[in-house]
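Quick note on numbering: full-length UniProt numbering labels position 145 of the sequence shown as 145, and the sequence is numbered without any gaps. Ideal placement from N, C-alpha and C gives every residue a C-beta, glycine not left out. These numbers come from a predicted model, not from an experiment. Contents: one structure, followed by commentary.
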Amino acid sequence: MAAPPGEYFSVGSQVSCRTCQEQRLQGEVVAFDYQSKMLALKCPSSSGKPNHADILLINLQYVSEVEIINDRTETPPPLASLNVSKLASKARTEKEEKLSQAYAISAGVSLEGQQLFQTIHKTLKNILETWKAKRYCSVHKPSNHRRRLPCHPESTHTEDSSSIQPTRRWSLFTRSWPLFPPHPFENKNVLPSPPPIARQLT
């Protein structure tokens, strides 16, 4: 549905909005859908990181005032190309993480335990490998750290003594977690298995 004249925003224009909660939002228009009254603005990154930006999705039905600061009339630049395979991989990873969280809830893992595992997994997922020991003990550790059975903090050894303490602390955490039942989706043809979750030793 095409917007009537004067009822649309040009991509690249600078717009300032005041919401019904008296919050002032300002940024560059990157998209606008007239039918749903949704406006997307690009603003400076709240994290302060260079080459980053925040994207705000604004429902104009809840906006009391809209001001066009700078209306862009020239043709907007072409859209950036999208890496479809990278997006698909990210979506698959997010799905697996959500399945892992759902499984942890169904298995009766405490909220504190879930938060602990998610923090460790998100922080170290790019540099960790899965290490499996007897009795279904499954923990994450840096590849240059060696664990000797039984899985105790003092069983961790490495040539770099400065990085050994985090692994030993994680060992203490994992020993207090409940033993998980077998995963219901062990058949990889049914659903992708979620990331391994630390399990308690006996």
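Leu111 in three-state terms, based on DSSP: Locating residue 111 in the sequence shown gives position 111, counting from the first residue. Of the three classes helix, strand and coil, the one that applies to Leu111 here is helix, per DSSP.
When you compare each of Ala40, Cys43, Ser100 and Val30 to Pro76 by their alpha carbons, which one comes out closest? Residue numbering aside, residue 76 sits at position 76 when the sequence shown is read from its first letter. Ranking Ala40, Cys43, Ser100 and Val30 by Cα distance to Pro76 puts Val30 first.
Val84 classed as buried or exposed, judged by whether at least 16 other C-beta atoms fall within 10 angstroms: In the sequence shown, the residue the question calls residue 84 occupies position 84. By the neighbour-count rule (16 or more Cβ atoms within 10 Å), Val84 is not buried but exposed.
Write down the C-beta distance between Ser13 and Asn70 rounded to the nearest angstrom, noting that I regard them as a contact closer than 8 Å. Here residue 13 refers to the residue found at position 13 when the sequence shown is read from its first residue. Here residue 70 refers to the residue found at position 70 when the sequence shown is read from its first residue. Rounded, the Cβ-Cβ distance is 6 Å, consistent with contact.
Spatial neighbours of His52 in its chain, beta-carbon cut-off 8 Å, leaving aside the 5 residues before and after: The sequence position of residue 52 within the sequence shown is 52, counting from 1. Only Ser45 meet the Cβ criterion.
Taking the Cβ atom as the reference point for each residue, do Thr19 and Ser47 lie within a distance shorter than 8 Å? By 1-based counting over the sequence shown, the position of residue 19 is 19. By 1-based counting over the sequence shown, the position of residue 47 is 47. No, they are not a contact pair.
Can you list the beta strand (DSSP E) stretches of 3 or more residues lying completely in the UniProt domain "Sm" (2–72), in chain order? 14–19, 24–33, 38–44, 53–59 and 63–70
Going by other Cβ atoms of all chains shown within 10 Å of its Cβ, with 16 needed for buried, is Cys17 buried or exposed? Residue mapping note: residue 17 aligns to position 17 of the sequence shown, counting from 1. Per the 10 Å Cβ criterion, buried.
Which of the three DSSP states, helix, strand or coil, is assigned to Ala91? The count along the sequence shown starts at 1 and reaches residue 91 at position 91. DSSP places Ala91 in helix when its eight states are reduced to three.
Less than 8 Å between the beta carbons of Ile55 and Lys42, yes or no? Here residue 55 refers to the residue found at position 55 of the sequence shown. Here residue 42 refers to the residue found at position 42 of the sequence shown. Yes, these two residues count as a Cβ contact at 8 Å.
Exposed or buried, which one is Ala80 when buried takes at least 16 other CB atoms within 10 Å? As a first step, residue 80 is located in the sequence shown; it is residue number 80 there, counting from the start. Exposed, by the Cβ-count rule.
How many angstroms separate the CA atom of Glu96 from the CA atom of Ala88? Within the sequence shown, residue 96 is the residue found at index 96, counting from 1. Within the sequence shown, residue 88 is the residue found at index 88, counting from 1. Approximately 12 Å, taken between the alpha carbons.
Would you call the CB atoms of Gln115 and Ala104 closer than 8 Å? For the purposes of this step, residue 115 is taken as the residue at position 115 of the sequence shown. For the purposes of this step, residue 104 is taken as the residue at position 104 of the sequence shown. Result no, Cβ atoms of Gln115 and Ala104 do not sit closer than 8 Å.
So, with DSSP's three-state summary, where would you put Ser100? For the purposes of this step, residue 100 is taken as residue 100 along the sequence shown, with counting starting at 1. The answer is helix: DSSP assigns Ser100 an H, G or I state.
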